[in-house]
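Peer 1:
Residue numbers (our numbering), protein chains in the order written: chain H, 12 to 269; chain L, 998 to 1218; chain P, 2 to 63.
(1) Note the first and the last residue of the continuous alpha helix (DSSP H) segment covering residue 1116 (chain L).
(2) Among the candidates L:1171, L:1010, L:1048, L:1146, whose CA atom is the shortest distance from the CA of residue 1112 (chain L)?
(3) Between the segment 1080–1098 of chain L and the segment 1114–1134 of chain L, are three or more C-beta pairs nearer than 8 Å?
(4) Report the residue from H:76, H:196, H:247 whose alpha carbon sits nearest the alpha carbon of residue 20 (chain P).
(5) Name the residues in the segment 15–26 of chain P whose C-beta lies less than 7 Å from a C-beta of chain H; which are they?
(6) Classify residue 243 (chain H): buried if its beta carbon has 16 or more other beta carbons within 10 angstroms, exposed otherwise.
(7) Step through the CB atoms of chain L and report whether any lies within less than 8 Å of the CB of residue 202 (chain H).
(8) Any idea what DSSP makes of residue 70 (chain H), helix, strand or coil?
(9) Using Cβ-Cβ distances below 7 Å, what residues of the segment 29–62 of chain P are close to chain H?
(10) Could you check the C-alpha separation between residue 262 (chain H) and residue 51 (chain H) for me, to the nearest Å?
(11) Once you ignore the five residues that flank residue 1155 (chain L) on each side, which residues in its own chain have a CB closer than 6 Å to its CB?
(12) For residue 257 (chain H), does the count of other Cβ atoms within 10 angstroms reach 16, so buried, or fall short, so exposed?
(13) How would you list, in chain order, the residues of chain H whose beta-carbon sits under 8 Å from the beta-carbon of residue 1153 (chain L)?
(14) Can you give me the C-alpha to C-alpha distance between residue 1137 (chain L) and residue 225 (chain H), rounded to a whole angstrom?
(15) Return the residue from the list H:130, H:176, H:222 that minimises the CA-CA distance to residue 79 (chain H).
(16) Quick one: what does DSSP say residue 4 (chain P) is sitting in, helix, strand or coil?
(17) What residues from the segment 91–118 of chain H come within 7 Å of chain P, judged by C-beta to C-beta, listed N to C?
(18) Run down chain L in chain order and give the residues with a C-beta less than 9 Å from the C-beta of residue 166 (chain H).
(19) Would DSSP call residue 1085 (chain L) helix, strand or coil?
(20) In this structure, how does DSSP classify residue 1038 (chain L) when only helix, strand and coil are distinguished?
(21) Under DSSP, the alpha helix (DSSP H) around residue 52 (chain P) begins and ends at which residues?
(22) At a cut of 8 Å, does the segment 1167–1182 of chain L reach the segment 1203–1215 of chain L through at least three beta carbon pairs?
(23) So, are the CB atoms of residue 92 (chain H) and residue 127 (chain H) less than 8 Å apart?
(24) Whose CA, out of H:62, H:204, H:174, H:189, lies closest to the CA of residue 148 (chain H)?
(25) What distance in whole Å lies between the Cβ atoms of residue 1122 (chain L) and residue 1174 (chain L), which are believed to be in contact at a cut-off of 8 Å?
(26) Evaluate contact between the segment 33–46 of chain P and the segment 88–104 of chain H, counting only Cβ atoms and requiring at least three cross-stretch pairs below 8 Å.
(27) Based on Cα-Cα distance, which residue from L:1209, L:1117, L:1214, L:1007 lies nearest to residue 976 (chain L)?
(28) Taking Cβ positions, are residue 1139 (chain L) and residue 1091 (chain L) nearer each other than 8 Å?
(29) Which word fits residue 211 (chain H), buried or exposed, when buried means at least 16 other C-beta atoms lie within 10 angstroms of its C-beta?
(30) For residue 998 (chain L), is the classification buried or exposed, using 16 other Cβ atoms within 10 angstroms of its Cβ as the cut-off for buried?
(31) Touching or not, the segment 1029–1045 of chain L and the segment 1062–1076 of chain L, by the rule of three or more beta carbon pairs under 8 Å?
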């Protein structure tokens, strides 16, 4: 079945792209890519953790506690990046009617939600020693909470619609509406925060960054990025099998035939 | 334009035949707002402070209650499919339904709110600002709500899911609406709040009917 | 930087916060691929059963 798609004898870009959008072609490719991304995750992770704990110096104000930023910043950035990428894939699936794009969006949602949750968790554990409370209603944390709600809404909507294609398209609309709203929500929450004279310190005012601290954060961000790709490729492969269960190429897979 | 008016007229007629749906949502607004003093205490100064937030949140919840009505009944008896098949633009029809929804669930809130506001010991200028903020904000609530209603059409447990989906989108409206009343009560300038509320309304009017129409087509096919 | 392993674990008094943060991340991020693997295996198992069932049907009909 996958052989049929290799008829791209022309140089047209379009045909090449749509070839990759076939689940049957993508499945083995993803399978080969996953170990690559795991290796990259490990490399960046080890380097990042090394810098975070053994190279970056103690902070003058926050002591050793500031090291939480080496996970807090990566998970926060990833939670936002993943949402945009998820919305983009969902949008592509909606416009071009490609199943695989929608499956990619579906695969990204859970890890994105976990990143948002971890951002809140690490934010709370950073806030408690620094500002005395487990939770502050500052603009960043509040927006992160709302982002978690957006993720959960997307997951819940897809889970409650039985028809997979309808679920894909409805989810796409929700994700795109959410993506457009995120800047509006962030702006309004910032406004609300200043109006009500919230905590004058905010998590955005990170300690003055030594070079090594920046390196540590960058390496950890790259680690989490590679991780996200690895895990999403794993999940999309499972989704492909679940949704394409009736097609011939799935039945012909080695892992199924034995 | 004719189609727009016809749809509003039709939806209002249908609502009038089953007034209880609308009245229960408004009744809900009244009851919920009464719960807060009962739960928090009758200190007038405190009530005055929480009034903008409480009234706005109650308005939000009351709107959510009535949103299912927008498409569900027509979906169930097949009328919605017919409406989509008509030559009239679906965007126009959706706008009509949203307008009809606002007329029976948003506009009454604008009128009811000052009465409840008195219970919370709000002064006259605060009541005016409250009404104005709701007047600008409730159409946005109806508009954004139509997206959620369209996405969850026919889905089991749809109304709760719809509420969860829409609430994050409601947050900016809530912040600017309640914020306007609060700012006014402490003597701050409110033009910023109202400009932003107005901007949200214009944006919603421009884009949401188109999005909801797309969501309806997805739900129907 | 660290004069002894115990100094490292104490994290200047912030041990609870630093290790809870890193720990939660580690737990979630390490468990996730396992959960996905289990789901993948379940799908494969189900597919194998279906293939077998179809083969039985075909053979019994012949």
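Even glycine gets a Cβ: it sits at the ideal position worked out from N, Cα and C.
Note that the structure is predicted; figures quoted are calculated from it, not measured.
Peer 2: In brief:
(1) Per DSSP, residue 1116 (chain L) belongs to the alpha helix (DSSP H) from 1104–1116.
(2) Among L:1171, L:1010, L:1048, L:1146, the Cα nearest to that of residue 1112 (chain L) is on L:1048.
(3) no
(4) H:76
(5) 15, 18, 19, 21, 22, 23, 25, 26
(6) Buried, by the Cβ-count rule.
(7) yes
(8) Three-state DSSP puts residue 70 (chain H) in a strand.
(9) Correct list: 29, 30, 33, 34, 37, 40, 41, 44, 45, 48, 49, 52.
(10) 32 Å
(11) Annotation for residue 1155 (chain L): 1149 place their beta carbon closer than 6 Å to its own, counting only its chain and skipping 5 residues before and after.
(12) exposed
(13) 171
(14) 42 Å
(15) H:130
(16) Residue state, collapsed to three classes: coil.
(17) none
(18) Ordered by position in chain L, no residue passes the 9 Å Cβ test against residue 166 (chain H), which lies about 11 Å from the chain.
(19) coil
(20) coil
(21) First-last of the alpha helix (DSSP H) with residue 52 (chain P): 16–62.
(22) They do not touch, by the three-pair rule.
(23) no
(24) H:204
(25) Contact doesn't hold; Cβ gap of about 16 Å is too wide.
(26) no
(27) This structure leaves residue 976 (chain L) out entirely; chain L is present only between 998 and 1218.
(28) no
(29) Summary for residue 211 (chain H): the model assigns pLDDT 43, below 50, so the residue's position carries little reliability, and this model does not support an answer.
(30) Residue environment analysis places residue 998 (chain L) among the exposed positions, since fewer than 16 neighbouring C-beta atoms fall within 10 angstroms of its C-beta.
(31) no
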